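Presented below is the structure to which this report refers.
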Amino acid sequence: MNQRNDEKLEQVMTAALRDMPPRRAPRALESRVFAELQRRSALVWWRRSFTHWPSTARAAFVLLNVALVAVTFIGGVSNVVGGRSFADFSGIVLEWMRPFVAVLSTVGGLTPVLLRAIPSGWLYVGVAVSVALYMVLFGLGAAAYRTLYVEPSLAGGRS
Amino acid sequence: MRAYQDMVFSTAFRLAGSDAQAEDIAQEVFIRAYEHFADLRTSPTAGGWLKTVATNLSLNYLNRDRKRWRLFSEMRSTADDGEESPEIEWEVPDTMLEDLGAEQRRQMVDSVLHRLPDHQRIPLVLYHFEELSYQEIAAKLQVSLTKVKTDIFRGRAALLPLLQAGVDARDAMDA
Chain F
1 MNQRNDEKLE
11 QVMTAALRDM
21 PPRRAPRALE
31 SRVFAELQRR
41 SALVWWRRSF
51 THWPSTARAA
61 FVLLNVALVA
71 VTFIGGVSNV
81 VGGRSFADFS
91 GIVLEWMRPF
101 VAVLSTVGGL
111 TPVLLRAIPS
121 GWLYVGVAVS
131 VALYMVLFGL
141 GAAAYRTLYV
151 EPSLAGGRS
Chain Y
1 MRAYQDMVFS
11 TAFRLAGSDA
21 QAEDIAQEVF
31 IRAYEHFADL
41 RTSPTAGGWL
51 KTVATNLSLN
61 YLNRDRKRWR
71 LFSEMRSTAD
81 DGEESPEIEW
91 EVPDTMLEDL
101 GAEQRRQMVD
111 SVLHRLPDHQ
121 RIPLVLYHFE
131 ELSYQEIAAK
141 LQVSLTKVKT
151 DIFRGRAALL
161 PLLQAGVDAR
171 DAMDA
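Read top to bottom, the protein sequences are chains F and Y.
For the first sequence, the residue numbers in the numbering used here are 1 to 159.
For the second sequence, the residue numbers in the numbering used here are 1 to 175.
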């Protein structure tokens, strides 16, 4: 870096940007703020943000939620476990998992069969097409980002 | 509100880069001020409070926007994130906008400032307009000190020819 040029640039820009008057706010700003304040104050308390609720309502809401979570959790656990032993409980869990295990083992068994049945050339083409489609989608996303977001921002048109 | 609305709007405009966003941010700043009216009413630092809130809300606004596009915004050229400042290959003039009045300078700068990318404009505005130090800017933007210095340097280097072009266009119109 050319230190002297850098310092000179800083001095010139500091002088150019110093003591600048503010940009005038739109005339409508004041009325817009008051309209928004009126709109917010006209809302019933439970439709405002949580921080604006009355403190008793906030406390009651928190307590109610804690109680609901506790009841759901305790009720759920006691309903499943009840007076059962650990072995019984494990049996119930395994019973729930049985369909998933069955699906997984079927898929696992089917995969080598399919791989043997489909010619390897087709598989390579399929993989290549998938990769190409992924790249196209990614490229479209990047192009959309540059066109719709970056360029309007540079032109000052983003809003 | 009238005493501070131009200052708040300017801060938001220079950081956000557009009138529409600046108006939204300014509105939110004054709504927050209303919520703290009891404290601010007699406070001698009300102006500073408003400026700080305007700055922080503008940065939050921009950050939200950036996060929405994070996947692609981080694909931009890594050359933009270089640790070294580039050489200036042209001669830096001795003065810039010196013959213009303050209001004319303001118009000229505001008309080109938004053409800088966010990562250059924001630290530049925080340094030159909000008068934060490099360290404060790095802390606010959660980036390294070196990156702040590089981005401000590049922002100045990008702004100078834009201002020069504005001056030339103005001179051509006057002639």
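C-beta: ideal position from N, C-alpha, C; glycine also.
Fair warning: this is a prediction, and the values are worked out from it, not measured in the lab.
**Message:** Measuring alpha carbon to alpha carbon, tell me which residue in Y/Ala157, Y/Phe129, Y/Met173, Y/Asp118 is nearest Y/Leu141.
**Reply:** Of the candidates Y/Ala157, Y/Phe129, Y/Met173, Y/Asp118, the one whose C-alpha sits nearest the C-alpha of Y/Leu141 is Y/Asp118.
**Request:** Return the residue from the list Y/Phe129, Y/Pro93, Y/Gln120, Y/Ala175 that minimises the CA-CA distance to F/Asp19.
**Result:** Y/Phe129
**Item:** Rounded separation between Y/Asp81 and Y/Gly166 - CA only
**Value:** With a pLDDT of 49 at Y/Asp81, under the threshold of 50, the predicted position of this residue should be treated as unreliable, though the coordinate-derived value follows. Roughly 28 Å separates the two Cα atoms.
**Request:** Please list the residues of the stretch 33 to 64 of chain F that have a C-beta atom closer than 7 Å to any C-beta atom in chain B, keeping them in chain order.
**Result:** Looking at the structure shown, chain B is missing, and the protein chains on hand are F and Y.
**Request:** Using a Cβ-Cβ cut-off of 9 Å, state whether F/Ala132 counts as contacting chain Y.
**Result:** no
**Message:** Among Y/Ala38, Y/Gly47, Y/Tyr34, whose alpha-carbon lies nearest the alpha-carbon of F/Phe38?
**Reply:** Before going on, a small fix: residue 38 of chain F reads as Gln here, not Phe. The candidate whose alpha carbon is nearest that of F/Gln38 is Y/Tyr34.
**Prompt:** Are F/Leu29 and Y/Phe13 close, meaning C-beta to C-beta below 9 Å?
**Reply:** no
**Message:** Does chain F have any CB closer than 9 Å to the CB of Y/Gly82?
**Reply:** With a pLDDT of 48 at Y/Gly82, under the threshold of 50, the predicted position of this residue should be treated as unreliable, and no value is reported.
**Cβ of F/Thr14 within 9 Å of any chain Y Cβ** = yes
**Where the stretch 24 to 46 of chain Y meets chain F: residues whose CB sits under 8 Å from a CB there** = Ala26, Gln27, Phe30, Ile31, Tyr34
**Request:** Step through the CB atoms of chain Y and report whether any lies within less than 9 Å of the CB of F/Met20.
**Result:** yes
**Item:** Distance, F/Glu36 Cα to F/Leu63 Cα
**Value:** 32 Å
**Message:** Could you give the first and the last residue of the continuous alpha helix (DSSP H) run that contains F/Tyr124?
**Reply:** Its alpha helix (DSSP H) spans residues 120 to 144.
**Asked** Just checking, does the stretch 103 to 121 of chain Y make contact with the stretch 34 to 43 of chain Y on the three C-beta pairs under 8 Å criterion?
**Response** no
**Message:** Please confirm whether Y/Gln5 has its beta-carbon closer than 9 Å to some beta-carbon of chain F.
**Reply:** The Cβ of Y/Gln5 sits closer than 9 Å to at least one Cβ of chain F.
**Prompt:** In terms of residue numbering, what span does the alpha helix (DSSP H) encompassing Y/Pro93 cover?
**Reply:** Careful: Y/Pro93 lies outside any alpha helix (DSSP H) and carries neither H nor E.
**Prompt:** Can you tell me the Cα-Cα spacing of F/Ala46 and F/Trp53, whole angstroms?
**Reply:** The residue you asked about is not Ala; residue 46 of chain F is Trp in the sequence shown. Straight-line Cα distance between these residues: approximately 7 Å.
**Message:** Need the endpoints of the alpha helix (DSSP H) that Y/Tyr34 sits in, please.
**Reply:** 19 to 35
**Message:** So that I know if they touch, is there some Cβ in chain F lying closer than 9 Å to that of Y/Ser58?
**Reply:** no
**Asked** Expressed to the nearest angstrom, what Euclidean distance is found between the alpha-carbon atoms of Y/Val53 and Y/Gln164?
**Response** Straight-line measurement puts the Cα of Y/Gln164 at about 33 Å from the Cα of Y/Val53.
**Asked** Taking all protein chains shown into account, do 16 or more other C-beta atoms lie within 10 angstroms of the C-beta of F/Thr147, making it buried, or fewer, making it exposed?
**Response** exposed
**Prompt:** Counting along the chain, where does the alpha helix (DSSP H) carrying Y/Met7 start and finish?
**Reply:** 5 to 16
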